[in-house]
Amino acid sequence: MEKEKMGSKTKFQTTPSAIKTFVDSEFELVSFNLCPYVQRSVIVLEEKNIAYKRIDIDLSSKPDWFQKISPLGKVPLLKSNQGVLFESAIICEYLDEITENTIHPTDSFEKARHRSWIEFGSSILAGIAGFYSARDCDSFYEKRDILSNKFEQLEQQLSTTTFFASDSFMLIDAVYGPIFRYFDVLQKFLDFDFFATTPKVSAYRKNLMNRPSVRQAVSSNYHELLIAYLIKKETYLSSLMQKQAA
Numbered sequence: 068m069e070k071e072k073m074g075s076k077t078k079f080q081t082t083p084s085a086i087k088t089f090v091d092s093e094f095e096l097v098s099f100n101l102c103p104y105v106q107r108s109v110i111v112l113e114e115k116n117i118a119y120k121r122i123d124i125d126l127s128s129k130p131d132w133f134q135k136i137s138p139l140g141k142v143p144l145l146k147s148n149q150g151v152l153f154e155s156a157i158i159c160e161y162l163d164e165i166t167e168n169t170i171h172p173t174d175s176f177e178k179a180r181h182r183s184w185i186e187f188g189s190s191i192l193a194g195i196a197g198f199y200s201a202r203d204c205d206s207f208y209e210k211r212d213i214l215s216n217k218f219e220q221l222e223q224q225l226s227t228t229t230f231f232a233s234d235s236f237m238l239i240d241a242v243y244g245p246i247f248r249y250f251d252v253l254q255k256f257l258d259f260d261f262f263a264t265t266p267k268v269s270a271y272r273k274n275l276m277n278r279p280s281v282r283q284a285v286s287s288n289y290h291e292l293l294i295a296y297l298i299k300k301e302t303y304l305s306s307l308m309q310k311q312a313a
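Position 74 of the sequence shown, counting from 1, maps to 141 under our numbering, and the rest follow consecutively.
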């Protein structure tokens, strides 16, 4: 990286030598086939046109080599000739910083705002997990309402642009693509629509699910794998799914 002075601000640019080092290196993304945080990293890799090798592991039986290099025991991990990175937000920003044509805001406040709503996206993922893990009817609908409220909050942040903040795909959009993917499966088994009162969120969801990088972030049998995973959980949702399958 090199600095370029612009008035009172310092702008960071990626040097040609840094780009060459990056391009010549080999990246491996250690992942799990259903993990939405892995999908974030894959989407950024695809958007930035970065060559990588993906290695899926079974999180219920973690390999010894994985446990030795993963301090938190979670995916994704990004392995390179420089070492190992963990945590999807760190991985995504790193990949953006070492390549040209940033997909993160350059304005300090706007970048911080995006980071805030990236964290909000993580809270939606936690809400989704709470929803599909609910054991009884009352908690199921309680979790539904919590999740619906989050989409109401997101609705207030969106405008008429194609994506979160503009018509250009940005790093934050890599966070929301995996969120909306869940509902391609969930809505098949529900008698209510999470997005009935959030038209801007609905449009954002549609635009993201049509994005090639988002579509390519999972395997062709993702829906089948997710359905099997949800049914095995023996929750209120799994009972609804089994009734429809009967």
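Heads up, the beta-carbon is just placed ideally off N, CA and C, and yes, glycines get one too.
Leaving aside the five residues before and after residue i along the sequence, list all residues of the same chain whose C-beta is less than 7 Å from its C-beta, in chain order.
i: Ile-185; result: Ala-156, Ile-239, Val-242
i: Arg-107; result: Ser-155, Cys-159, Ala-241, Val-242, Pro-245
i: Val-97; result: Ile-122, Ile-124, Phe-133, Val-142, Pro-143, Leu-144, Lys-146
i: Ile-110; result: Ala-241, Gly-244, Ser-280, Val-281, Ala-284
i: Phe-247; result: Arg-272, Leu-275, Met-276
i: Ile-170; result: Glu-114, Asp-163, Phe-236, Met-237, Leu-238
i: Tyr-315; result: The chain is shown only over 68 to 313; residue 315 falls outside these bounds and no answer can be derived.
Please work out which residues of its chain come closer than 8 Å, Cβ to Cβ, to residue i, disregarding the five sequence neighbours upstream and downstream, and give them in chain order.
i: Val-268; result: Phe-218, Leu-221, Glu-222, Leu-225, Phe-262
i: Ile-294; result: Val-252, Met-308
i: Arg-202; result: Thr-302, Tyr-303
i: Pro-138; result: Phe-153
i: Gly-150; result: none
i: Leu-297; result: Tyr-199, Val-252, Leu-304, Ser-305, Met-308
i: Pro-130; result: Ile-124
i: Ser-286; result: Asn-100, Leu-292
i: Phe-187; result: Lys-217, Gln-220, Leu-221
i: Ser-206; result: Tyr-303
Does the Cβ of residue i lie closer than 7 Å to at least one heavy atom of the ligand GDP?
i: Glu-222; result: No copy of the ligand GDP occurs in the structure displayed, which carries no ligand at all.
Candidates the options: which alpha carbon is nearest residue i's?
i: Pro-279; options: Glu-95, Lys-310, Leu-96, Asn-116; result: Asn-116
i: Cys-18; options: Leu-192, His-181, Gln-149, Ile-170; result: Limits of the chain in this structure are 68 at one end and 313 at the other, which puts residue 18 out of reach.
i: Gln-33; options: Glu-93, Phe-94, Glu-209, Glu-114; result: Beyond the ends of the chain as shown, which are 68 and 313, falls residue 33; an answer cannot be given.
i: Arg-211; options: Ser-233, Gln-254, Phe-231; result: Gln-254
i: Val-105; options: Asn-216, Ile-213, Ser-189; result: Ser-189
i: Pro-172; options: Asp-260, Thr-228, His-181; result: His-181
i: Gly-140; options: Ser-128, Leu-257, Gly-150, Asn-148; result: Ser-128
i: Ala-232; options: Asn-216, Pro-266, Tyr-271; result: Tyr-271
i: Phe-99; options: Tyr-161, Leu-292, Lys-310; result: Leu-292
i: Glu-164; options: Glu-209, Met-237, Pro-130, Ser-183; result: Met-237
i: Thr-265; options: Asn-216, Ser-286, Phe-207, Asp-205; result: Asn-216
i: Ala-312; options: Ser-286, Glu-209, Leu-257; result: Leu-257
i: Tyr-208; options: Phe-259, Phe-230, Asn-148, Pro-130; result: Phe-259
Would you list the residues sitting across from residue i in a DSSP beta bridge?
i: Ser-98; result: Asp-123
i: Tyr-206; result: Rather than Tyr, the amino acid found at residue 206 in this sequence is Ser. In the DSSP output, where bridge partners are listed per residue, Ser-206 has none listed.
i: Gly-150; result: Ser-147
Identify, in the order they occur along the chain, each residue of the same chain with its Cβ nearer than 6 Å to the Cβ of residue i, setting aside the five sequence neighbours on each side.
i: Ile-195; result: Tyr-249
i: Lys-300; result: none
i: Tyr-119; result: Phe-94, Leu-96, Leu-112
i: Thr-228; result: Asp-234
i: Ile-213; result: Gly-194
i: His-290; result: Val-252
i: Phe-89; result: Low local confidence applies: a pLDDT of 48 at Phe-89 is under 50, so the model's placement there is unreliable, and no value is given.
i: Ile-136; result: Val-151
i: Phe-230; result: Phe-236, Asp-240
Taking 8 Å as the CB-CB cut-off, is residue i touching chain B?
i: Glu-113; result: Protein chains in the displayed structure number just one, and chain B is not present.
>> Under 8 Å: do the region 161–181 and the region 122–132 share three or more Cβ pairs, one atom per stretch?
In response: no
> With a cut-off of 8 Å, do at least 3 Cβ pairs link the region 272–288 to the region 296–308?
Replying inline: no
> Which parts of the region 154–195 are runs of the alpha helix (DSSP H), unbroken and 4 residues or longer, counting only runs that do not cross its ends?
Replying inline: 155–164
>> Which complete alpha helix (DSSP H) runs does the region 198–249 hold, if anything under 4 residues is left out?
In response: 204–222
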